[in-house]
Amino acid sequence: MPDRGPAWVAAGRGLAYVLFAAFVGFFAVRPAWTHLGPDEAVVKVSIVHRGQPVGECRERSEEELARLPPNMRVKLVCPRERSPLELEVWLDGRLLHREVKAPSGLHHDGPSYIYRRFVVPAGEHLLRVRLRDSVRAEGYPYDRSERVRLDPGRVLAVDFDPVAGIRFR
Amino acid sequence: MLLRLLRGAFEPCERLAYRLFGGESPFHHLGALTIYLFWIVLVSGLYVFAFYETSVAGAYASVERLTQEQWYLGGVMRSLHRYASDAAVLTMGLHLIRELSRDHHRGPRWFSWLTGVPNLWMVYMLGITGYWMVWDELAQYVAVATAELLDWLPIFTDPMARNFLTEGSLGDRFFTLLAFLHLLGLPLILVGTVWLHIQRIGRPRINPPRRLALGTLLALLALSFAQPATSHAPADLTRAPRVLDLDWFYLAVYPLYDLFGAPAVWGVLWGGTLLLCALPWLPPRRRAPVAEVNPEWCTGCRRCFGDCPYGAIDMAPHPYRRGKEVSVVDPALCVSCGICEGACPSATPFRSVRELVSGIELPQYPVQVLRERARDAARRLRGPVRIVVFGCGHAADPALVARADTAAVPLVCAAMLPPSLVEYLIRREGVDGVVIAGCRAEDCEYRLGTRWVEERICGAREPHLRRNVPRDRVALCWSGADGALLRRCVEDFRARLARAADAGDGEPPQAAAAGGGRSA
Numbered sequence: 000m001p002d003r004g005p006a007w008v009a010a011g012r013g014l015a016y017v018l019f020a021a022f023v024g025f026f027a028v029r030p031a032w033t034h035l036g037p038d039e040a041v042v043k044v045s046i047v048h049r050g051q052p053v054g055e056c057r058e059r060s061e062e063e064l065a066r067l068p069p070n071m072r073v074k075l076v077c078p079r080e081r082s083p084l085e086l087e088v089w090l091d092g093r094l095l096h097r098e099v100k101a102p103s104g105l106h107h108d109g110p111s112y113i114y115r116r117f118v119v120p121a122g123e124h125l126l127r128v129r130l131r132d133s134v135r136a137e138g139y140p141y142d143r144s145e146r147v148r149l150d151p152g153r154v155l156a157v158d159f160d161p162v163a164g165i166r167f168r
Numbered sequence: 000m001l002l003r004l005l006r007g008a009f010e011p012c013e014r015l016a017y018r019l020f021g022g023e024s025p026f027h028h029l030g031a032l033t034i035y036l037f038w039i040v041l042v043s044g045l046y047v048f049a050f051y052e053t054s055v056a057g058a059y060a061s062v063e064r065l066t067q068e069q070w071y072l073g074g075v076m077r078s079l080h081r082y083a084s085d086a087a088v089l090t091m092g093l094h095l096i097r098e099l100s101r102d103h104h105r106g107p108r109w110f111s112w113l114t115g116v117p118n119l120w121m122v123y124m125l126g127i128t129g130y131w132m133v134w135d136e137l138a139q140y141v142a143v144a145t146a147e148l149l150d151w152l153p154i155f156t157d158p159m160a161r162n163f164l165t166e167g168s169l170g171d172r173f174f175t176l177l178a179f180l181h182l183l184g185l186p187l188i189l190v191g192t193v194w195l196h197i198q199r200i201g202r203p204r205i206n207p208p209r210r211l212a213l214g215t216l217l218a219l220l221a222l223s224f225a226q227p228a229t230s231h232a233p234a235d236l237t238r239a240p241r242v243l244d245l246d247w248f249y250l251a252v253y254p255l256y257d258l259f260g261a262p263a264v265w266g267v268l269w270g271g272t273l274l275l276c277a278l279p280w281l282p283p284r285r286r287a288p289v290a291e292v293n294p295e296w297c298t299g300c301r302r303c304f305g306d307c308p309y310g311a312i313d314m315a316p317h318p319y320r321r322g323k324e325v326s327v328v329d330p331a332l333c334v335s336c337g338i339c340e341g342a343c344p345s346a347t348p349f350r351s352v353r354e355l356v357s358g359i360e361l362p363q364y365p366v367q368v369l370r371e372r373a374r375d376a377a378r379r380l381r382g383p384v385r386i387v388v389f390g391c392g393h394a395a396d397p398a399l400v401a402r403a404d405t406a407a408v409p410l411v412c413a414a415m416l417p418p419s420l421v422e423y424l425i426r427r428e429g430v431d432g433v434v435i436a437g438c439r440a441e442d443c444e445y446r447l448g449t450r451w452v453e454e455r456i457c458g459a460r461e462p463h464l465r466r467n468v469p470r471d472r473v474a475l476c477w478s479g480a481d482g483a484l485l486r487r488c489v490e491d492f493r494a495r496l497a498r499a500a501d502a503g504d505g506e507p508p509q510a511a512a513a514g515g516g517r518s519a
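Spelled out as structure tokens, the structure:
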């Protein structure tokens with residue numbers, strides 16, 4: 000129970016409410032958080048692609064076809080499993096990231112999904128991204144190298160389209 | 000040890016708040032205040048949503064229009080919505096730490112503790128989705144980081160963060176989904192988890208006192224006018240936000256993500272959640288024996304059933320009195336407070352039986368022992384004004400005030416004292432005054448003890464103190480752990496008793512309430 004005069008109590012209560020509001024108001028917006036430095040930019044790499052089958056397709060022999068039910072007699076048969084994606088990101092000749100991503104799905108027959116975000120210094124850079132999608136071939140069939148200008152705070156998105164290849168956006 | 004430290008940290012603040020607000024101290028109503036703040040959030044949020052457009056292009060613009068063009072109402076509602084949400088995190092956090100510091104997370108109270116944990120997640124999910132809806136730079140930062148955090152978990156095959164890759168990758172449907180989650184889905188789940196949280200509590204306090212509610216609302220309104228909630232620049236997925244005015248109540252996890260990455264964040268979140276869930280059993284509380292019913296003395300009056308703060312007492316057909324009921328104690332719910340013992344009409348010390356047995360009592364402190372202790376203490380008193388102080392075991396130790404003319408009798412809870420024992424001491428043993436001391440008002444260790452004592456002594460609740468006992472010979476002192484307040488309370492009471500004795504004919508005085516306590 001309050002044991003002082005009403006004025007003291009009223010002033011104390013008022014002060015308590017002011018402190019409460021000040022605490023809430025302060026931490027609702029302060030201190031400011033610096034997510035990205037003034038000389039930094041972002042490169043995001045996002046690739047969704049289904050790799051090539053892990054093995055060669057082959058034709059079934061007549062004996063094999065005869066053993067199958069009529070509705071399943073398809074001549075060309077390919078392995079279900081897909082190759083993992085191998086991605087490399089190079090910045091100014093330095094390897095920034097390398098990743099091998101397995102295909103999705105219980106039978107590894109789905110696409111591989113890759114998403115990575117890199118904070119890099121702002122300015123002009125030589126950006127190279129290359130991608131391999133087959134375990135049966137050497138080298139990287141998809142390779143793009145380009146000089147890019149990254150202003151402070153800019154987000155450069157790198158994605159992939161099977162027809163257009165690797166795109167810088 | 001840690002709990003004692005925590006409690007020690009709370010005590011000075013609580014003491015000060017109690018002096019200012021009395022039983023309406025915000026510390027005594029943290030749970031109810033949190034629920035009340037969500038009412039403010041709900042009302043202000045409904046108003047804001049009436050003007051909100053669920054589209055990529057419209058979300059930011061609609062919030063800005065509301066903030067700028069309708070600052071006097073829409074802007075204030077938006078600010079109130081934000082600050083009430085922030086305040087709710089504050090009161091919820093204090094509620095959690097305070098209950099932990101008071102060891103209220105173990106024993107029969109484990110259920111309320113455990114069911115409180117999902118509330119934390121729900122509240123944070125509500126707050127975070129709310130920030131997304133503005134679709135400014137802060138929303139973009141939160142959305143991208145949340146998506147990346149979720150992508151780290153083996154839940155989605157297609158990374159969620161791809162939705163925020165370029166300007167065109169985000170559709171209007173995203174905002175419809177957000178609106179559904181923020182306005183309906185998550186609030187409904189939160190209502191359910193709060194309902195579960197208070198299930199094992201008898202007469203849960205879900206509304207704070209009116210003055211406290213009004214004061215809180217006015218404080219938040221004043222803050223809304225003084226510092227209106229504003230947006231950052233509109234979201235732009237081709238640019239990364241740089242410096243952000245972060246709401247640390249809800250978004251503190253994102254800097255953690257920036258600094259240490261997803262494994263650290265999930266480690267803290269899941270580790271913290273698991274720890275909170277496991278706390279009731281780390282280690283389990285050593286439990287005192289629970290209340291026992293003596294069917295031969297239980298009349299089935301239902302008073303203990305009505306007074307139990309934890310719903311631990313149920314009524315069942317009496318084993319050998321046809322048509323009568325008998326109380327049954329659920330050991331899983333009983334906290335061994337003894338409030339039922341004080342509620343039992345058969346606990347009267349005037350009964351002329353060889354062994355005083357009550358219908359329901361604590362085996363470790365039956366009413367027979369209580370009567371003997373009080374009677375022996377009263378008979379040892381010497382002095383012009385003889386006082387017996389009953390002290391709750393969770394407040395200041397009554398032994399602090401013991402001396403030749405003042406006896407101290409400990410209780411488990413103040414409401415364990417049958418009012419008839421007060422009458423017995425004054426009328427039968429010739430004691431001049433009785434002080435019942437306990438936890439701070441509206442802050443009883445067993446939730447309702449102080450309230451039941453007040454109502455029983457003033458005659459508003461059964462079993463009541465009979466009218467032939469002068470009320471001014473009884474003082475209630477809700478001092479909590481404040482020993483100085485208890486001393487002052489007893490001394491004020493003694494002085495009043497003495498003055499009244501001097502003014503009268505030497506008969507026991509007609510004193511008023513003691514300082515720091517309440518008049519009976």
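Protein chains in written order, with numbering that gives the first Met the number 0: chain A, 0 to 168; chain B, 0 to 519.
Here a beta-carbon is modelled for each residue, glycine too, at the ideal position from N, C-alpha and C.
Output the distance between the C-alpha atoms of residue i and residue j, rounded to the nearest integer angstrom.
i	j	result
K100(A)	D158(A)	15 angstroms
H463(B)	R427(B)	18 angstroms
T66(B)	L183(B)	23 angstroms
N118(B)	R385(B)	51 angstroms
S223(B)	V75(B)	6 angstroms
V252(B)	R172(B)	27 angstroms
A519(B)	D431(B)	Here the model assigns A519(B) a pLDDT of 47, short of 50, so the residue's position is not dependable, and the following value carries that caveat. Taking the straight line joining both Cα atoms gives about 15 angstroms.
L89(B)	S24(B)	15 angstroms
G104(A)	W151(B)	17 angstroms
P282(B)	C457(B)	41 angstroms
V53(A)	P78(A)	7 angstroms
S419(B)	M0(B)	39 angstroms
A513(B)	R470(B)	Because the pLDDT at A513(B) is just 36, under 50, the model does not fix this residue reliably, and the point stays unresolved.
P318(B)	G299(B)	11 angstroms
M314(B)	L41(B)	39 angstroms
A376(B)	C488(B)	20 angstroms
S43(B)	F179(B)	17 angstroms
F50(B)	A86(B)	24 angstroms
On the criterion of 16 or more Cβ atoms from any shown chain inside 10 Å, does residue i qualify as buried, or is it exposed?
i	result
E55(A)	exposed
G429(B)	exposed
D160(A)	exposed
T215(B)	buried
C391(B)	buried
G129(B)	buried
M415(B)	buried
W477(B)	buried
P383(B)	exposed
V76(A)	exposed
R493(B)	buried
When the distance is taken between beta carbons, is residue j closer than 8 angstroms to residue i?
i	j	result
I425(B)	V434(B)	no
G479(B)	D442(B)	yes
L475(B)	E461(B)	no
R372(B)	E422(B)	no
S54(B)	F174(B)	yes
P288(B)	S335(B)	yes
M91(B)	V122(B)	yes
L79(B)	I39(B)	yes
A228(B)	A20(A)	no
Residues of chain A with CB under 7 angstroms from residue i, in chain order?
i	result
T165(B)	A156 and R168
L236(B)	V154
How would you list, in chain order, the residues of chain B whose beta-carbon sits under 8 angstroms from the beta-carbon of residue i?
i	result
K100(A)	Within chain B, no residue comes near K100(A); the closest Cβ sits about 11 angstroms away, beyond 8 angstroms.
S45(A)	P158, A160, R161 and L164
F26(A)	D85, D246, W247 and F248
Below 8 angstroms on C-beta distance, what does residue i contact in chain A?
i	result
L219(B)	A20 and V23
Can you check which of these residues, the options, is closest to residue i by C-alpha distance?
i	options	result
A163(A)	L125(A), Y141(A) and S45(A)	Y141(A)
F248(B)	F25(A), L18(A) and G13(A)	F25(A)
Y17(B)	C438(B), A239(B), G7(B) and W38(B)	C438(B)
H107(A)	A65(A), H48(A), G138(A) and D91(A)	H48(A)
P279(B)	F492(B), V47(B) and R101(B)	R101(B)
With a threshold of 8 angstroms between beta carbons, is residue i in contact with chain E?
i	result
R116(A)	In the structure shown, chain E cannot be found, because the protein chains are A and B.
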